[in-house]
Amino acid sequence: MPELPEVEVVRRGLVSWVRGRTIDFVDVLDARSIRRHALGPGDFIGNLEGAVVADVVRRGKFLWMPLLDSSPGAPERVGGSPHPSVALMAHLGMSGQLLMQDPDVPDEKHLKVRLRLSARDGMPEQLRFVDQRIFGGLFVTSLVPTEDGGPGGLAESPLPLIAEEAAHIARDPLDPNFSFDLFYRRLRKRKTGLKRALLDQGLVSGIGNIYADEALWRARLHYARPTDTLRRSEAERVLQSAREVMVDALAAGGTSFDSLYVNVNGASGYFDRSLNAYGREGEPCARCAAAGIHATIRREQFMNRSSHTCPVCQPRPRNGRW
DNA sequence: AACGCGACCTGCGAGC
DNA sequence: TGCTCGCAGGTCGCGT
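326 is the number that our numbering gives the last residue of the first sequence; the numbers go up by one with no jumps.
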């Protein structure tokens, strides 16, 4: 569910609560939520207990916390300075939440993993992973060198390392180091539709079904537009649209339709009110209405999910163009 | 190599 | 009341 703005809201919320704290106890309530940790719950817990959370960083929708071993003489102390080599990875999937909670707060219905952190004045004790659909999960992974300078995201980590499972993910459009030239070159080589390309995290990260539909609407482009016919100006337009809609969503605390997406303090974002296409089936297209034209947002199945378009200002491409 | 589909899950609202 | 169906923000792996 959560796309870049929602994950970034979570990252920002998390960092001040957890940075520098030690993970004292770990409780895995549902092993399915750590199924990507191949060595199982015992190994997962063993890796985390006693570790210090060094930071919270993100690449696309992948979020991770580099860990320092708090024991003396730990192997990752390179050159006398702490240097994380492993991280706690989190992906929220469709319904995952990371919540900071006091110990007296009753367990959430879909609580999957509980981390008890070292005491800090005025800070909640627990970091909880809650996930209804279990498409998300936690696992411990290695930090590996990255060619392109760091994990990316909006708050660049000084560490030129990236979590192994996020290494194949491209930078996101809000990342200062995002390369439009590289994106456009790779886009033109694809033989696919524009929305499928926008959702391909290896090409550009952070965009999901909501912001893909919104970016396409803002750019007045159809989801099935063949990528190999896309002009540079059109690619720039859709990228810039994605940037604008995600910046606006970030400022609004993300998009929430229900209690499934909340920040680390349990609060919903309110960007759903600003959506122009996603979830607006049957409603008038705001841009057409402003021009005195009557047009209705349409929902169609594409890639086994819903796509929302205005049939008037986002016409279906013909002969590879429009 | 790249594309595109099915699988992985639970829960909710609509319709009968 | 209770059933079935369709729908939901994502990613991965496999067959073509």
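Every residue, glycine too, gets a C-beta built ideally from N, C-alpha and C.
Residues P149, T150, G153 and G154 of the same chain have their beta carbon placed closer than 8 Å to that of P164, with the five preceding and five following residues left out of the count. Given a length threshold of 3 residues, each whole run of the beta strand (DSSP E) inside the stretch 87–129 is given here in chain order: 90–95, 100–105 and 115–121. Taking 7 Å as the cut-off, the Cβ atoms of L119 and L131 count as close. In this structure, the straight-line span from the alpha carbon of C317 to that of L225 is close to 8 Å. If you ignore the 5 residues before and after F261, its C-beta comes within less than 8 Å of the C-beta of D276 and G283, all in its own chain and listed in chain order. Under DSSP, H312 forms a beta bridge with R303. Using a Cβ-Cβ distance cut-off of 8 Å, the stretch 133–146 and the stretch 295–313 are not in contact, since fewer than three pairs of beta carbons, one from each stretch, lie closer than that value. For I27, the enclosing beta strand (DSSP E) stretches over residues I27 to V32.
Collapsing the DSSP output to three states places D73 in a strand. When DSSP states are grouped into helix, strand and coil, P6 belongs to the coil group. The beta carbons of V242 and A216 sit no closer together than 7 Å. Cβ contact annotation for L191 (same chain, cutoff 8 Å, sequence separation greater than five): A201, L207, T231, L234 and A239, in chain order.
For L165, the enclosing beta strand (DSSP E) covers residues L165 to A167.
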